[in-house]
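My numbering puts the first residue of the first sequence at 8, with every later residue one more than the last. Heads up, the beta-carbon is just placed ideally off N, CA and C, and yes, glycines get one too. Remember, it's a predicted structure, so these values are computed and weren't measured experimentally.
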Amino acid sequence: MFYNFKEIEEKWQKKWQEERVFSAQADPARKKYYLLEMFPYPSGKIHMGHVRNYTIGDVASRFMTLKGYNVMHPMGFDAFGQPAENAAIKNKTKPDIWTRKCIKEMETELKKMGFSYDWEREVSTCNSDYYKWNQWIFLKMFERGLAYKKASAVNWCPSCQTTLANEEVIEGACWRCHNKVEQKDLEQWYLKITDYKEKLLDDLEQLKQWPERVRAMQNNWIGKSSGVEIYFTVKGSDKVIPVFTTRADTIFGATYIVLAPEHPLVKELIRGKSEEEAALKFIDKVSGESKASRVSGEVKKEGVFTGSFAVNPVNNEEVPVWVADYVLMEYGTGAIMAVPTHDQRDFLFAKEHRLPMRVVIQPSAVSSQPSAESMTEAYEGDGIQVNSGEFDGLLNAEGKLKISEWMEKKGIGKIRTHWRLRDWLISRQRYWGTPIPIIYCPECGVVPVPYGDLPVKLPEEAPFTGEGGSPLGKVEDFVRVKCPKCSGDARRETDTMATFFDSSWYFLRFCSPRYDQAPFDRKEAAYWMKVDQYIGGIEHAILHLLYSRFFTKFFQDLEMIDFGEPFEKLLTQGMVLKDGEVMSKSKGNIVDPDSMIKDYGADALRLFILFAAPPETELEWDQRGLEGAFKFLNRVWRIQDNLKDKADDSLRRSLHRTVKKVSEDFGEFKFNTAIAGIMELTNAVYQSGADREIFEAILIMLSPIIPHFAEEIWQALGHRESIFKSAWPEYDPGLLVEESIEMVIQVNGKVRSKITVARDIPEEKLKELAEKDEKLAPWLQGRSPRKVIVVPHKLVNIVL
RNA sequence: GCCGAAGUGGCGGAAUGGCAUACGCGGCGGUCUCAAAAACCGUUGGGGGCAACUCCGUAAGGGUUCAACUCCCUUCUUCGGCACCA
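Structure, rendered in structure tokens:
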């Protein structure tokens with residue numbers, strides 16, 4: 008009654024693997040297509056998110072193969088990372104053993120979905136022949152000063168017992184365990200991603216085929232803001248307070264300045280002043296508050312006078328110096344010029360503390376100048392410069408430029424750019440990662456491990472407890488080493504690398520996964536790179552995608568590749584939801600792919616997941632939708648027994664129209680409408696009966712989506728080669744057009760009638776026919792049309 | 001606050017200037033059956049009308065156009081990123 012999906016799927020999965028159908032070889036004579044989905048962390052089981060991500064990729068891969076491209080579609084495992092340690096502690100096993108078991112299980116599940124991976128290229132980042140090259144890359148960066156160690160306040164996750172990169176802190180919490188992140192002073196290894204900030208920002212422009220929102224997110228993250236650093240001198244002292252502003256046009260309205268409570272100059276400014284005691288008390292209070300509470304919501308801005316004055320360099324006016332909690336030490340110079348008339352925070356603060364105000368931007372030339380006293384809020388919009396000396400009368404946009412240049416020329420300011428992006432902290436106090444290839448020698452200091460000594464192998468065992476401290480530090484055999492320079496006793500670095508290091512270049516490794524001279528073979532990379540299509544989740548919009556772009560630019564500087572962006576086209580697939588919520592163990596709303604495969608087959612699952620929504624949109628799981636997909640498959644299955652010798656012409660025309668539509672939709676990853684098109688054709692076939700040519704074309708169009716099913720019928724029809732060795736159907740433009748077409752007749756833009764006419768009917772004749780249409784009589788009422796618009800092959804609009 | 005994406009039947013969604021709701025799910029009616037399942041056929045935006053038919057309808061309001069879900073302006077709502085960012 009139902010087709011035997013279990014038998015069919017197992018049969019073809021085995022056969023494809025035996026015949027190495029998906030094994031890719033570089034071939035300069037053929038056009039290549041590198042299709043990549045973000046490789047998974049080997050947790051052991053695949054979830055619906057994986058199924059969706061990899062199904063989208065698989066369809067694209069098989070489609071491009073049928074279109075004649077030389078397709079590379081690799082898969083591997085992002086196998087280092089904390090969950091392995093946690094699982095090992097829990098199950099009393101080794102991370103290595105646990106991870107390898109998970110990889111095995113996951114390979115099996117992926118194979119059950121029928122994905123067309125070239126498994127010969129598989130890599131796992133926890134293998135030393137992979138992480139050796141992490142170490143190699145690290146050393147190259149170290150040589151160029153791009154990897155360095157420094158002591159600084161760092162993000163610390165008390166639950167994971169390790170440091171985190173800025174990118175790994177989401178709203179003050181750890182991205183992995185969601186616990187609150189603390190600040191700690193530690194000496195850690197960093198990668199100087201900030202050296203590439205301009206390129207990382209500017210090259211976003213090139214990424215026209217990336218989703219706008221991903222580019223916007225990276226843009227925000229890099230956070231460039233252009234402004235001026237202005238130097239205020241402290242009255243009666245030679246001390247200078249630099250402030251940073253993006254609104255140089257308002258400098259003449261700066262009536263006081265404010266320092267962050269942590270500002271190094273504060274103590275000196277208040278010393279011996281009558282305000283000293285109150286100021287110290289305030290600073291003490293603020294430092295007791297966590298940063299999170301200081302910035303949360305609508306906090307009242309508090310502050311105190313230092314007792315000191317500074318000089319505004321543009322007009323030599325003396326302005327009071329305050330300390331307030333709304334100025335942050337981390338941003339800019341930790342000090343601001345306050346312009347209460349044109350900045351809302353300054354406005355509120357000035358009102359509260361009765362500080363002077365002066366209007367310097369007037370909304371428009373005709374409006375009268377508002378008085379500072381009558382303002383109820385700051386005016387932050389554009390306008391005309393007033394009270395700004397020689398700059399009066401300029402539009403403030405122009406004023407901003409002119410004033411900035413003028414200050415720079417006079418040496419009282421410097422045009423500067425502030426960036427939000429910080430260097431990437433990569434050392435982790437964990438076991439299951441790549442050892443950082445550095446040796447500390449009491450004589451020679453920090454010494455890189457010589458390239459010839461790589462890999463620095465991760466010891467098979469370490470006393471990791473998850474309770475803190477680098478586990479490798481307790482492995483004496485590992486730590487104790489001879490200095491490569493002086494051969495004296497030395498110690499190894501015991502931190503490991505963040506796993507995002509591993510995934511920042513794996514797409515290059517896939518080009519030559521067994522190459523042992525370098526991270527990748529330049530010739531192979533030159534052929535296969537860039538990745539033509541990358542597919543993965545939006546959660547990597549900043550983290551992985553930014554780091555990968557950075558690494559690619561680094562390899563370009565090493566002249567190992569000649570491009571600076573790794574991913575030509577990016578698709579971020581939407582999440583799979585159940586009852587409007589993300590599937591998760593804690594919510595208990597997980598739908599297990601494996602049991603769906605058991606009940607309906609991988610093909611039905613693939614079909615449903617592609618049909619239910621466009622790839623980028625969130626997808627609501629619908630069991631009945633899956634049943635519907637299965638029903639459709641059974642319907643197609645039954646067609647093969649009722650093929651006719653020759654089908655009608657009209658059906659053949661439908662086929663050619665469908666081929667056109669489906670080809671276009673596949674090219675744009677609009678699988679849901681492609682499937683709808685094929686369903687429509689199938690419904691027509693089901694009623695009027697297809698011949699072999701039509702049915703085979705349908706099978707080929709369906710084959711990327713439901714590969715086992717299509718292959719089974721294809722070979723049952725007598726073909727001896729795989730359907731994936733056949734070619735995507737072409738359409739005949741001559742068959743797209745119908746001889747007679749239905750045309751819509753409108754009166755004043757409203758549909759009032761439809762007529763069927765010959766395709767090549769002359770326009771005049773058509774107008775005449777339309778006007779004579781009796782259905783139009785009540786609307787025309789004998790009036791003669793003012794205008795008649797004819798859209799060829801579509802409609803006639805009679806305008807009265 | 002700034003930046004980005006989106007808002008269409010009961011539901012998932014289609015249509016990027018030319019018949020709004022393709023395709024699917026669900027609903028309703030029917031065929032087959034002792035009955036059910038499966039399969040097949042028909043129907044399904046809302047209001048009015050016995051009916052032919054007609055009016056309304058794509059978050060709200062305005063505009064451009066012979067013609068607007070689609071383009072422009074204003075507003076609202078939802079989601080995502082950044083944020084006392086100077």
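Next on the checklist: Quick test of your reading: Ser434 and Thr132, contact by CB under 8 Å. State the CB separation rounded to the nearest angstrom.
Outcome noted: Contact between Ser434 and Thr132 does not hold, since their C-beta atoms are separated by about 17 Å, which reaches or exceeds 8 Å.
Item to check | Among Val751, Glu92, Met113 and Glu112, nearest to Asp103 - alpha-carbon criterion | outcome: Ranked by how close their Cα comes to the Cα of Asp103, the residues Val751, Glu92, Met113 and Glu112 have Glu92 in first place.
Next on the checklist: Looking at the secondary structure, which residues open and close the alpha helix (DSSP H) in which Met708 lies?
Outcome noted: Note, Met708: alpha helix (DSSP H), Arg699 to Leu709.
Checklist entry - Would Asn77 pass as a contact of Lys39 if the rule is Cβ separation under 8 Å? => result Taking 8 Å as the Cβ cut-off, Asn77 and Lys39 qualify as a contacting pair.
Checklist entry - Can you tell which of Leu787, Ile805, Ser670 and Asn804 has the C-alpha that lies nearest to the C-alpha of Arg69? => result Closest by alpha carbon: Ser670.
Checklist entry - If you drop the 5 nearest sequence neighbours on each side, which residues of the same chain put their C-beta closer than 7 Å to that of Ile53? => result If we look at Ile53 and ignore the five residues flanking it on each side, its Cβ neighbours are Met113, Glu116, Leu117 and Pro600.
Checklist entry - Going by alpha carbons, who is nearest to Ser135 out of Lys147, Val806 and Arg521? => result Put simply, of Lys147, Val806 and Arg521 the residue whose alpha carbon is nearest the alpha carbon of Ser135 is Arg521.
Item to check | Lys139 beta carbon less than 8 Å from that of Pro455 | outcome: Going by C-beta atoms, Pro455 is not nearer than 8 Å to Lys139.
Checklist entry - Going by C-alpha distance, which of Val795, Glu25 and Leu783 is nearest Lys772? => result The option with the nearest alpha carbon to Lys772 is Val795.
Item to check | Within the segment 500 to 575, ranges of the beta strand (DSSP E) (whole runs, at least 3 residues) | outcome: Qualifying beta strand (DSSP E) stretches, in chain order: 538 to 544.
Item to check | Span separating the alpha-carbon of Asp350 from that of Val188 | outcome: In this structure, the straight-line span from the alpha carbon of Asp350 to that of Val188 is close to 32 Å.
Item to check | Assumed close pair Tyr41, Met536 - CB separation to whole angstroms, cut-off 8 Å | outcome: Indeed they touch by this definition, with Cβ atoms about 7 Å apart.
Checklist entry - Are the segment 156 to 173 and the segment 574 to 590 touching, with three or more C-beta to C-beta distances below 8 Å? => result Too few Cβ pairs lie closer than 8 Å, so no.
Next on the checklist: Which of the three DSSP states is assigned to Thr253 in this structure?
Outcome noted: It is coil, neither helix nor strand.
Next on the checklist: Just to confirm the assignment, what range does the alpha helix (DSSP H) spanning His425 have?
Outcome noted: From DSSP, His425 is part of no alpha helix (DSSP H) but of the beta strand (DSSP E) over Gly420 to Trp426.
Checklist entry - Are Thr503 and Pro444 close, meaning C-beta to C-beta below 8 Å? => result In this structure, the beta-carbon distance from Thr503 to Pro444 does not fall below 8 Å.
Checklist entry - From Val130 to Phe251, what does the alpha carbon distance come to, in whole angstroms? => result Between the alpha carbons of Val130 and Phe251 lies a gap of roughly 48 Å.
Checklist entry - Looking only at C-alpha atoms, which of Glu174, Gly243, Met336 and Pro792 sits nearest to Pro315? => result Here residue 315 turns out to be Ser, not Pro, going by the sequence shown. Looking at the Cα atoms, Gly243 is the closest of the given residues.
Checklist entry - Given Pro470, which residues of its chain have a CB within under 7 Å of its CB, disregarding the five upstream and five downstream residues? => result These residues qualify, in order along the chain: Pro478 and Lys481.
Checklist entry - Taking the C-alpha atoms as reference points, what is the distance between Gly304 and Asn60? => result Residue confidence for Gly304 is low, a pLDDT of 47 falling below 50, so the modelled location carries little weight; the figure read from the coordinates is stated next. About 37 Å.
Next on the checklist: Using a 10 Å radius around the Cβ and a threshold of 16 neighbouring Cβ atoms, would you call Phe12 buried or exposed?
Outcome noted: Residue environment analysis places Phe12 among the buried positions, since at least 16 neighbouring C-beta atoms fall within 10 angstroms of its C-beta.
Next on the checklist: Please give the ranges of any beta strand (DSSP E) in the segment 193 to 275, keeping only runs that are unbroken, at least 3 residues long and fully inside the region.
Outcome noted: Whole beta strand (DSSP E) segments, 3+ residues: 231 to 241, 247 to 252 and 263 to 266.
Checklist entry - Any heavy atom of the ligand HEM within a distance shorter than 7 Å of the CB on Ile568? => result What this structure holds is no ligand at all, so the ligand HEM is not there to describe.
Next on the checklist: Within the continuous beta strand (DSSP E) that includes Ser747, where are the two ends?
Outcome noted: For Ser747, the enclosing beta strand (DSSP E) starts and ends at Ser747 to Val754.
Checklist entry - Going straight from the alpha carbon of Pro829 to that of Thr262, what length do you get? => result Because the chain spans 8 through 807 in this model, residue 829 falls outside it and cannot be assessed.
Checklist entry - Closest by CA to Val58, which one among Gln89, Met120 and Phe673? => result Here the closest residue by C-alpha is Met120.
Checklist entry - When the Cα of Arg660 is compared with those of Asp606, Phe637, Ile707 and Ser747, which residue comes out closest? => result Closest option to Arg660, judged by alpha-carbon separation, among Asp606, Phe637, Ile707 and Ser747: Ser747.
Item to check | Glu405 versus Pro347: straight-line alpha-carbon distance, rounded | outcome: Rounded to whole angstroms, the separation of the alpha carbons of Pro347 and Glu405 is 21 Å.
Checklist entry - Which class does Lys779 belong to by DSSP, given the choice of helix, strand or coil? => result Of the three classes helix, strand and coil, the one that applies to Lys779 here is helix, per DSSP.
Checklist entry - Are Glu269 and Gly341 close, meaning C-beta to C-beta below 8 Å? => result Yes, Cβ-Cβ distance for Glu269 and Gly341 is below 8 Å.
Next on the checklist: According to DSSP, simplified to helix, strand and coil, what is Gly310?
Outcome noted: Reduced to three states, the DSSP call for Gly310 is strand.
Checklist entry - Which one or two residues does DSSP pair with Cys490 in a beta bridge? => result For Cys490, which the question treats as bridged, DSSP gives no partner whatsoever.
Checklist entry - Just checking my contact of Leu428 with Ile229 at CB under 8 Å: how many whole Å lie between their CB atoms? => result Contact between Leu428 and Ile229 holds, since their C-beta atoms are separated by about 5 Å, short of 8 Å.
Next on the checklist: If contacts are defined as beta-carbon pairs under 8 Å, then Arg642 and Tyr137 qualify, I think. What distance do you get, rounded to the angstrom?
Outcome noted: Actually they are not in contact, since the Cβ atoms of Arg642 and Tyr137 sit about 46 Å apart, beyond 8 Å.
Item to check | Member of Ile248, Lys779, Asp496 and Leu287 whose CA lies at the smallest distance from the CA of Pro847 | outcome: The structure shown does not extend to residue 847, since the chain is modelled only from 8 through 807, so no value can be given for it.
Next on the checklist: For Glu588 and Gly56, I'd like the C-alpha separation in whole angstroms.
Outcome noted: Answer to the nearest angstrom: the Cα atoms are 13 Å apart.
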